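Working notes, beginning with the structure itself.
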Amino acid sequence: MQYDIFSVGDNIADYYPEEKKVYAGGGAFNTAVIAKRLGAKAAYYGVFGTDDNAKFLFETLKKEKVAYPVNDIRKGRNALSIIRKAGNKAIVEAVDKGVYKNLKINKNVLEIIKNSKIVHSNIYSYFEDYLPQLHYKTKLSFDFSYLRNKEYIEDIISKVDIAFFSESKDNEDPAAFLDWVSQFEVEAAILTLGDQGVLMKTGDNLIKETSLPVEVIDTLGAGDAFIAAFLTYLAKNEKNYQKALTKGLQTAARYCKVRGGLGVFQPREEEQKIYKNVHE
49 MQYDIFSVGD NIADYYPEEK KVYAGGGAFN TAVIAKRLGA KAAYYGVFGT DDNAKFLFET
109 LKKEKVAYPV NDIRKGRNAL SIIRKAGNKA IVEAVDKGVY KNLKINKNVL EIIKNSKIVH
169 SNIYSYFEDY LPQLHYKTKL SFDFSYLRNK EYIEDIISKV DIAFFSESKD NEDPAAFLDW
229 VSQFEVEAAI LTLGDQGVLM KTGDNLIKET SLPVEVIDTL GAGDAFIAAF LTYLAKNEKN
289 YQKALTKGLQ TAARYCKVRG GLGVFQPREE EQKIYKNVHE
C-alpha cells in the first residue's frame with residue numbers, strides 16, 4: 049500500500065500539571081494523526097515504551113486509524129514532557145526521552161517507509177542517518193524547528209525536499225535566513241512566524257501569508273497542524289505550494305483552539321516525574 053504521508057519519529061506524553069492530564073503529542077506523531085484527520089493515507093513509525101503513557105499513545109494511534117505497519121516497542125517509560133501554561137501559550141518546561149534514545153531501522157522497514165508520496169521527520173527523531181537512503185526515492189520533508197546550527201542545517205537540507213523552520217528565538221531577518229537556506233536547492237523552505245504568518249521560498253519566489261485571526265486556547269501542536277495540512281494538500285497537488293501554504297495556515301488556526309497538540313488526553317492523578325531532562 050502506498051501512503052500519502054509517512055511520519056517517522058517522536059511521540060510524547062505531554063503532561064499538564066495544573067490539569068493533571070497527559071495529552072498525546074510529539075511532532076511526528078501529531079503530524080501523522082492530523083494528516084489522517086484531514087483525509088490523507090497516513091502512517092507512523094516511532095519508538096514506544098511499555099508504561100501507561102505508551103499504551104495511551106499507542107491506543108490513540110489506533111483510534112485515529114493511523115497506519116503503523118511497523119513500530120519499535122522497548123521496555124521502559126515512554127517519552128514525557130512537562131507543559132506549563134503562560135497565558136494562551138504552552139511552554140515546554142522539561143523533556144525526558146525515556147526509552148527513545150535512537151532509531152533502529154533495517155532495510156525491510158525502510159522499504160515500507162519509502163513506499164510513500166512524502167516521508168516526514170524532524171530534529172527530535174534521530175532519523176538523519178536514514179535520509180540518504182531515501183533521498184530521490186520519495187519526497188522528504190523535515191522540520192528543523194527553532195534550530196539554527198548552520199553546520200547541521202547544511203548537512204541535512206541537501207538531503208530533503210521540503211524544509212520547515214520555526215521563528216528564531218533570537219533576532220533574525222526572516223527573508224535573509226530563507227535566502228541562505230534556499231541556496232542549498234531545497235524545493236521549498238518554509239518559516240512559520242507565529243501570529244505574524246509564514247514566509248516561503250520556492251526557487252526565486254518569496255511568498256508571505258498572514259495568520260488568520262483566532263481566539264487562541266493553546267499553541268502546542270499548531271506548528272504540527274500547519275505541517276500536516278501543508279503536506280496533505282501537497283501529496284494530492286504535487287506542485288501547488290502556495291495553496292498548500294494557505295491550507296496549512298487554516299488548519300493551524302483551528303488547532304490553536306484545541307487543548308494539547310491533538311485534544312486527546314488521559315487523567316493522571318499521580319505526578320509525572322522527569323528523571324533526565326534533555327530540554328534546553
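In terms of my numbering, the sequence shown opens at residue 49 and continues consecutively. From the three backbone atoms N, C-alpha and C, an ideal C-beta is built for every residue, glycine too. As the structure is a computational prediction, the values presented were derived from the model and not from experiment.
Which class does residue i belong to by DSSP, given the choice of helix, strand or coil?
| i | result |
| --- | --- |
| E317 | coil |
| V157 | helix |
| D252 | coil |
| D177 | helix |
| R132 | strand |
| S206 | coil |
| T280 | helix |
| T98 | coil |
| I275 | helix |
| K185 | coil |
| A88 | coil |
Are the CB atoms of residue i and residue j nearer to each other than 7 angstroms?
| i | j | result |
| --- | --- | --- |
| F274 | A300 | yes |
| A127 | D266 | no |
| F313 | K69 | yes |
| L151 | Q181 | no |
| S259 | G245 | yes |
| V143 | Y93 | no |
| A83 | I53 | yes |
| G308 | Y71 | yes |
| D58 | G74 | yes |
| D191 | F225 | no |
| A90 | V118 | no |
| T186 | K207 | no |
| E233 | D209 | no |
| N101 | G269 | no |
| V140 | S129 | yes |
| E257 | L282 | no |
Bridge partners for residue i per DSSP, in chain order?
| i | result |
| --- | --- |
| E257 | V246 |
| Y194 | Paired residues: none, contrary to the question. |
| T240 | S214, V246 |
From residue i to residue j, what distance separates their C-alpha atoms?
| i | j | result |
| --- | --- | --- |
| S216 | N136 | 20 angstroms |
| G80 | D252 | It should be pointed out that residue 80 corresponds to Ala in this sequence rather than to Gly. If I take the Cα positions, the gap works out to 30 angstroms. |
| N219 | K123 | 42 angstroms |
| V262 | S214 | 19 angstroms |
| Y51 | K165 | 6 angstroms |
| K149 | D120 | 12 angstroms |
For a test of your reading of the model: does the CB of residue i fall under 6 angstroms from any non-hydrogen atom of the ligand HEM? Yes or no.
| i | result |
| --- | --- |
| S259 | The ligand HEM is absent from the structure shown, which contains no ligand whatsoever. |
Is the shortest distance between the beta-carbon of residue i and the beta-carbons of chain D less than 7 angstroms?
| i | result |
| --- | --- |
| V81 | Protein chain content of the structure displayed is limited to a single chain, and chain D is not contained in it. |
Pair every Cβ in the stretch 166-180 with every Cβ in the stretch 194-213, then say whether three or more of these pairs are closer than 8 angstroms. yes
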